[in-house]
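Participant: Take this structure, written in structure tokens, and hold onto it; I'll ask about it next.
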Amino acid sequence: MDAKELLQKVRKIEIKTRGLSQNIFAGEYHTAFKGRGVIFSEVREYQPGDDIRDIDWNVTARHNKPFVKVYEEERELTMMLLIDVSGSSDFGAVGDEKKEVIAEIAATLAFSSIQNNDKVGVIFFSDRIEKFIPPKKGKKHILLIIREIIDMKPESRGTNIDVALKFMTNALKKRCTAFLLSDFIDNHDYFSSMSIANRKHDLAAIQVYDKRDARLPDVGLVRVRDMETGADRWLDTSSAKVRKAFDKAWYERQQKLSSTVGKCGVDLASVTTDEDYVKALLALFRNRAGTRR
Numbered sequence: 174m175d176a177k178e179l180l181q182k183v184r185k186i187e188i189k190t191r192g193l194s195q196n197i198f199a200g201e202y203h204t205a206f207k208g209r210g211v212i213f214s215e216v217r218e219y220q221p222g223d224d225i226r227d228i229d230w231n232v233t234a235r236h237n238k239p240f241v242k243v244y245e246e247e248r249e250l251t252m253m254l255l256i257d258v259s260g261s262s263d264f265g266a267v268g269d270e271k272k273e274v275i276a277e278i279a280a281t282l283a284f285s286s287i288q289n290n291d292k293v294g295v296i297f298f299s300d301r302i303e304k305f306i307p308p309k310k311g312k313k314h315i316l317l318i319i320r321e322i323i324d325m326k327p328e329s330r331g332t333n334i335d336v337a338l339k340f341m342t343n344a345l346k347k348r349c350t351a352f353l354l355s356d357f358i359d360n361h362d363y364f365s366s367m368s369i370a371n372r373k374h375d376l377a378a379i380q381v382y383d384k385r386d387a388r389l390p391d392v393g394l395v396r397v398r399d400m401e402t403g404a405d406r407w408l409d410t411s412s413a414k415v416r417k418a419f420d421k422a423w424y425e426r427q428q429k430l431s432s433t434v435g436k437c438g439v440d441l442a443s444v445t446t447d448e449d450y451v452k453a454l455l456a457l458f459r460n461r462a463g464t465r466r
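Residues 174 to 466 in the working numbering are what the sequence shown spells out, letter by letter.
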């Protein structure tokens, strides 16, 4: 992709996603995530109704009566985007390629964040950390991020979500809001790292997948390629047994994902490459806002 074409794509995404963030997501992001970034302010004596989890046991022991920690909302929050750039993100059979949808969702989230004067950073990952862009403010920084998303050429093709989550936990000392964008086609175990990451930060997961990831059409004998390993194989899609096995593998992967995010307390939104992701994002934001009232 030459420089002119890259700039045109960046501009196209900017126009669409900036408009969405201003006109549709105005207030939704902040309502869903406000209060999640908090800092310690002071201690005061315990009062009936206070959450016992906020008791400062050291101060309580010194004064022989209970004291609780008081927190206040940070005026400045940080958003981190963890973006899967593995080989499978290049796949697109029904609708756009997954990486194109991920790029638009990431841009919409980023523009929504800067409406509230928040910082935005990105972790690009495959089965390794491909690139880390530290959080900064401003439109210029967001456009840099969009250019990187569009023009990213990963060195590896595999997927390892565990690596990305561990990197974020170690790299960011301050609590942030984080969005993990991936198709979640990953055979590694990431339960522990997701649980730890969500305790330290405020993590949400957004799955972007193609309908052909979930179901094979009956089109006879076809050659398919694993986008991450490059391995080719022939599949007889006219075989009910083959299609059933494919459906089962997808179902088990989705069950694993649902179980993992559920046990870790992570909110999940799923969107296909041929549907409007706006509804899925709004549902994610409003669900979070509702459960945190």
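We put the CB at the ideal spot given by N, CA and C, even for glycine. Given the structure is predicted, the values throughout are model-derived calculations rather than measurements.
#1: How far does the alpha helix (DSSP H) with Q428 in it extend, from its first residue to its last?
#2: Would you give the residue range spanned by the alpha helix (DSSP H) that L408 belongs to?
#3: Would you call the stretch 334 to 345 in contact with the stretch 404 to 417, where contact means no fewer than 3 C-beta pairs closer than 8 Å?
#4: For the alpha helix (DSSP H) holding K326, just list the boundary residues, first then last.
#5: If I'm right that R461 touches D440 with Cβ under 8 Å, what's the distance once you round it to whole angstroms?
#6: Helix, strand or coil for R191, going by three-state DSSP, please let me know.
#7: Report the option in D420, D447, K309, T402 whose CA atom is closest to the CA atom of G260.
#8: Quick one: measure Cβ to Cβ for T190 and T281, integer angstroms, because I've assumed they're closer than 8 Å.
#9: Across the stretch 315 to 331 and the stretch 232 to 242, are there enough close Cβ pairs to call them in contact, namely three or more that are closer than 8 Å?
#10: Alpha carbon to alpha carbon, how far is D359 from L408? Give it in angstroms, no decimals.
#11: Looking only at C-alpha atoms, which of R226, L180, I256, K429 sits nearest to D472?
#12: Any idea what DSSP makes of R466, helix, strand or coil?
Facilitator: Looking at the coordinates:
#1: 413 to 437
#2: Counting along the chain, L408 falls outside any alpha helix (DSSP H), though it belongs to the beta strand (DSSP E) covering 405 to 409.
#3: no
#4: Careful: K326 lies outside any alpha helix (DSSP H) and carries neither H nor E.
#5: 6 Å
#6: helix
#7: T402
#8: 4 Å
#9: no
#10: 21 Å
#11: The question about residue 472 has no answer, for the chain in this structure spans 174 to 466.
#12: Note that R466 scores a pLDDT of 48, beneath 50, so its modelled location is shaky; the value from the coordinates is reported in the next line. If DSSP states are grouped into helix, strand and coil, R466 belongs with coil.
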